[in-house]
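Undergrad:
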Amino acid sequence: MRAEGIAKPRLTREQIAQRAALELPDGAYVNLGWGIPNLIAGHLPKGITVYFHSENGILGMGPRAKPGEEDFDQVDAMKVPVTLIPGASFFHQADAHLMTRGGHLDVAVLGGFQVSEKGDLANWNIPGAKGPGGIGGAMDIAAGAKILIVCMEHSTKDGAPKIVKRCTYPLTALECVDTIVTDLAVIDVKPEGLLLREVAPCWSAEEVQALTGAPLIVRRQIPEMSFA
Amino acid sequence: MKKKVYASLDEAVADIPDGAQIMVGGFGGAGFPNNLIQALARKGAKNITAVSNNCGTRDGELGIMFKNNQIKHVIAAFPGPHANHFLERFAAKEVTLELVPQGILCERIRAAAAGLQGFYTTVGVGTEVAAGKEERVLEGHRCILERPIHADYALIKAQTADELGNLTYRLAARNFNPVMAMAAKTTIAEVEEIVPTGAIHPEHVVTPAIFVHRIVQAKGLRYAG
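These protein sequence lines map, in sequence, to chains A and B.
Here our numbering is used: the first residue of the first sequence is 1, the next is one more, and so on.
Here our numbering is used: the first residue of the second sequence is 229, the next is one more, and so on.
#1: Please confirm whether N56 of chain A has its beta-carbon closer than 8 Å to some beta-carbon of chain B.
#2: In angstroms with no decimal places, state the Cα-to-Cα distance between V150 of chain A and R370 of chain B.
#3: In the DSSP assignment, find the beta strand (DSSP E) that holds A86 of chain A and state where it starts and stops.
#4: Between G35 of chain A and chain B, is the shortest Cβ-Cβ distance under 8 Å, so that the two count as touching?
#5: DSSP on K271 of chain B, reduced to helix/strand/coil?
#6: Among the candidates B:S280, B:D243, B:N275 and B:T349, whose CA atom is the shortest distance from the CA of I337 of chain B?
#7: Flag A340 of chain B as yes if its beta-carbon sits less than 8 Å from any beta-carbon of chain A, otherwise no.
#8: Please decide whether A401 of chain B counts as near chain A, where near means a Cβ-Cβ distance under 8 Å.
#9: Of the choices B:P406, B:R402, B:T324 and B:L395, whose alpha-carbon is the least far from that of V444 of chain B?
#10: Using the Cβ count rule (16 or more neighbours within 10 Å means buried), how would you classify V419 of chain B?
#11: Is P376 of chain B near A340 of chain B, with beta carbons less than 8 Å apart?
#12: Check whether the Cβ atoms of A379 of chain B and A417 of chain B lie closer than 8 Å to each other.
#13: Hey, how far is the Cα of G259 of chain B from the Cα of P25 of chain A?
#14: Of all the residues that make up the stretch 123-141 of chain A, which are near chain B by a beta-carbon distance shorter than 7 Å?
#15: Have a look at A:P45, A:I222 and A:R19 and flag the residue whose alpha-carbon is nearest the alpha-carbon of P37 of chain A.
#16: Cβ closer than 9 Å: which chain A residues qualify as neighbours of Y348 of chain B?
#17: So, is S116 of chain A buried or exposed, given that buried needs 16 or more other C-beta atoms within 10 angstroms?
#18: Starting from the N-terminal side, write out each stretch of the beta strand (DSSP E) that is 3 residues or longer and does not extend beyond the stretch 286-343 of chain B.
#19: Give a yes or no on whether the minimum CB-CB distance between L449 of chain B and chain A is below 8 Å.
#20: Return the residue from the list B:A452, B:N297 and B:D238 that minimises the CA-CA distance to V323 of chain B.
#21: In three-state DSSP terms, what is A437 of chain B?
#22: Quick check: G346 of chain B and E374 of chain B, are their CB atoms within less than 8 Å of each other?
#23: Check whether the Cβ atoms of T172 of chain A and A138 of chain A lie closer than 8 Å to each other.
#24: Mind checking whether N282 of chain B and N56 of chain A have CB atoms under 8 Å apart?
#25: What residues in the stretch 67-91 of chain A bring their beta carbon closer than 8 Å to a beta carbon of chain B?
#26: Within the stretch 164-209 of chain A, note down every full alpha helix (DSSP H) run reaching 4 residues or more, in order along the chain.
#27: If you scan the stretch 39-124 of chain A from start to end, which runs of the beta strand (DSSP E) of 3 or more residues do you find wholly inside it?
#28: Is DSSP giving I149 of chain A helix, strand or coil here?
#29: Give me whichever residues DSSP pairs with V423 of chain B in a beta bridge.
#30: Are the CB atoms of V30 of chain A and A108 of chain A within a distance shorter than 8 Å?
#31: Could you check where the alpha helix (DSSP H) with L237 of chain B kicks off and where it finishes?
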């Protein structure tokens with residue numbers, strides 16, 4: 001299943017983040033992981049307030065700090081200096097992960113290397129990678145999130161599917177993913193399988209299936225993604 | 229009453245022996261006790277087991293300890309992309325690593341602090357973290373048994389200490405520090421300022437003095453990486 005034959009435009013990383021941002025309810029407490037999820041904060045629809053959580057002990061992060069206004073005691077999980085919004089709070093790391101693991105956050109959005117048809121997630125290391133990799137907060141977040149959304153490209157750089165029957169990369173957690181937002185589709189993980197919810201503009205359900213390593217359930221005419 | 233305030237960083241770490249197990253606070257550079265670590269590097273203690281979220285940023289944070297080959301084993305959640313000295317020692321098999329999910333790292337430290345012999349969690353089930361650990365089903369969930377992580381010393385960074393050892397922290401530089409402070413036999417805090425006992429309002433104390441054994445003022449390195 002190689003992607004080279006299909007030259008249709010896919011969503012950019014920013015567009016994936018923009019679509020995923022629509023999944024966040026007003027007032028929600030949300031953790032954003034590394035990679036595409038980290039872009040979501042810049043795409044919240046007008047009028048929506050989300051309290052972003054960072055596993056180093058912040059609830060209520062605002063945008064990244066402007067150059068010259070950075071405080072390196074106030075960083076996000078990627079160690080980038082951030083601002084706060086009214087109502088923000090600090091707490092220690094154990095309480096920060098009590099929030100992730102204990103099901104206190106409304107939504108978590110993580111990046112992914114692979115997601116299986118059962119919703120298993122692999123997102124922390126690649127087989128054969130140099131060095132030992134790093135788990136960070138991913139396993140606690142994946143195991144405890146009430147709703148876990150994964151944002152990732154639909155295919156690897158080599159064109160292999162990232163949505164697969166069984167993950168072959170080191171696992172983060174079993175049966176944890178609820179929704180997958182890629183550059184080609186929005187897919188919900190249901191007990192009966194992977195339910196195709198939306199496709200990227202100009203893509204058909206059949207074309208998305210051809211680039212997916214597990215069967216998609218297509219129950220109706222699949223609408224194109226909307227971004228607002 | 230034994231005085232907790234030490235005159236110098238070197239005195240504060242002077243008795244840390246080779247082979248000690250040491251917790252080190254901080255999340256990257258935020259809240260990392262760079263001045264105490266530099267003192268430990270000067271002292272040259274060897275065969276250290278370090279418990280810390282990361283493994284350094286170039287020469288900064290734990291980086292200097294890996295550069296000097298003072299650490300033989302590290303328990304960490306995220307070694308980090310700029311931990312070049314760790315990565316070189318790891319590739320050369322001069323240091324071993326136990327990789328622990330970050331929240332479980334906190335809870336294993338807290339279990340030690342709380343006198344608990346372990347706990348069950350769903351985190352890590354079905355992953356390589358579960359290898360060799362007891363597994364059972366509790367409340368309908370597959371769980372693994374996690375054991376406490378103890379330490380001889382905790383090196384932590386706080387903003388303000390009073391002379392009794394009550395601590396406050398600055399912004400998100402709090403992170404692992406309060407949890408590690410509670411878990412070690414001897415907790416050594418480097419702080420920006422030391423105030424008279426009673427000058428921190430009791431409602432504002434984050435780490436109570438009972439957990440803090442040594443205090444040293446250090447205004448030197450904040451972000452060494």
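Heads up, the beta-carbon is just placed ideally off N, CA and C, and yes, glycines get one too.
Being a predicted model, the structure only gives us computed values, none of them experimental.
TA: The short version:
#1: To locate residue 56 of chain A, count along the first sequence from 1; it is residue 56. By this cut-off, N56 of chain A is an interface position.
#2: In the first sequence, residue 150 of chain A corresponds to position 150, counting from 1. In the second sequence, residue 370 of chain B corresponds to position 142, counting from 1. Distance between the alpha carbons of V150 of chain A and R370 of chain B: 23 Å.
#3: In the first sequence, residue 86 of chain A corresponds to position 86, counting from 1. Correcting the residue type first, residue 86 of chain A is Pro in the shown sequence and not Ala. V82 to F90 is the span of the beta strand (DSSP E), which, as asked, contains P86 of chain A.
#4: Position 35 of the first sequence holds residue 35 of chain A. So, not an interface residue.
#5: If you number the second sequence from 1, residue 271 of chain B lands on position 43. In this structure, K271 of chain B counts as helix in the three-state DSSP scheme.
#6: Numbered from 1 along the second sequence, position 109 holds the residue referred to as residue 337 of chain B. Among B:S280, B:D243, B:N275 and B:T349, the Cα nearest to that of I337 of chain B is on B:S280.
#7: Mapped onto the second sequence, residue 340 of chain B falls at position 112. It does not: the Cβ of A340 of chain B has no partner Cβ on chain A nearer than 8 Å.
#8: Residue 401 of chain B sits at position 173 when you count from the first residue of the second sequence. Yes, its Cβ sits closer than 8 Å to a Cβ of chain A.
#9: Locating residue 444 of chain B in the second sequence gives position 216, where the first residue counts as 1. Nearest of B:P406, B:R402, B:T324 and B:L395 to V444 of chain B, Cα basis: B:L395.
#10: For the purposes of this step, residue 419 of chain B is taken as the residue at position 191 of the second sequence. It is buried - the Cβ of V419 of chain B has at least 16 other Cβ atoms within 10 Å.
#11: As a first step, residue 376 of chain B must be located in the second sequence, where it is residue number 148. As a first step, residue 340 of chain B must be located in the second sequence, where it is residue number 112. Yes, they are a contact pair.
#12: As a working note, residue 379 of chain B is residue 151 in the second sequence. As a working note, residue 417 of chain B is residue 189 in the second sequence. Their beta carbons are not under 8 Å apart, which means A379 of chain B does not touch A417 of chain B by this criterion.
#13: As a working note, residue 259 of chain B is residue 31 in the second sequence. As a working note, residue 25 of chain A is residue 25 in the first sequence. The alpha-carbon atoms of G259 of chain B and P25 of chain A are separated by roughly 33 Å.
#14: G131, P132, G134, I135, G136, G137, M139 and D140
#15: To locate residue 37 of chain A, count along the first sequence from 1; it is residue 37. The option with the nearest alpha carbon to P37 of chain A is A:R19.
#16: Walking along the second sequence from the start, residue 348 of chain B turns up at place 120. Under the 9 Å cutoff, chain A gives no residues; its nearest Cβ is about 12 Å from Y348 of chain B.
#17: Translated into positions along the first sequence, residue 116 of chain A becomes position 116. Buried, since its Cβ has 16 or more Cβ neighbours within 10 Å.
#18: 299-304 and 324-327
#19: Walking along the second sequence from the start, residue 449 of chain B turns up at place 221. Closer than 8 Å: no.
#20: Residue mapping note: residue 323 of chain B aligns to position 95 of the second sequence, counting from 1. For the residues B:A452, B:N297 and B:D238, the minimum Cα distance to V323 of chain B belongs to B:N297.
#21: Numbered from 1 along the second sequence, position 209 holds the residue referred to as residue 437 of chain B. A437 of chain B falls in the helix class under three-state DSSP.
#22: In the second sequence, residue 346 of chain B corresponds to position 118, counting from 1. In the second sequence, residue 374 of chain B corresponds to position 146, counting from 1. Yes; because the gap between Cβ atoms is below 8 Å, this pair is in contact.
#23: Stepping through the first sequence from its first residue, residue 172 of chain A is reached at position 172. Stepping through the first sequence from its first residue, residue 138 of chain A is reached at position 138. The answer is yes: Cβ separation under 8 Å.
#24: Here residue 282 of chain B refers to the residue found at position 54 of the second sequence. Here residue 56 of chain A refers to the residue found at position 56 of the first sequence. It is not a contact, given that the beta carbons lie outside the stated cut-off.
#25: D71, F72, D73, Q74, V75, K79, F90 and F91
#26: none
#27: 51-54, 58-64, 82-90, 107-111 and 114-116
#28: Here the question's residue 149 of chain A lines up with position 149 in the first sequence. Looking at I149 of chain A - three-state DSSP - the assignment turns out to be strand.
#29: Numbered from its first residue, the second sequence carries residue 423 of chain B at position 195. According to DSSP, V423 of chain B bridges with B:D390.
#30: Locating residue 108 of chain A in the first sequence gives position 108, where the first residue counts as 1. Locating residue 30 of chain A in the first sequence gives position 30, where the first residue counts as 1. Cβ atoms of A108 of chain A and V30 of chain A: closer than 8 Å.
#31: Residue 237 of chain B sits at position 9 when you count from the first residue of the second sequence. L237 to A240 is the span of the alpha helix (DSSP H), which, as asked, contains L237 of chain B.
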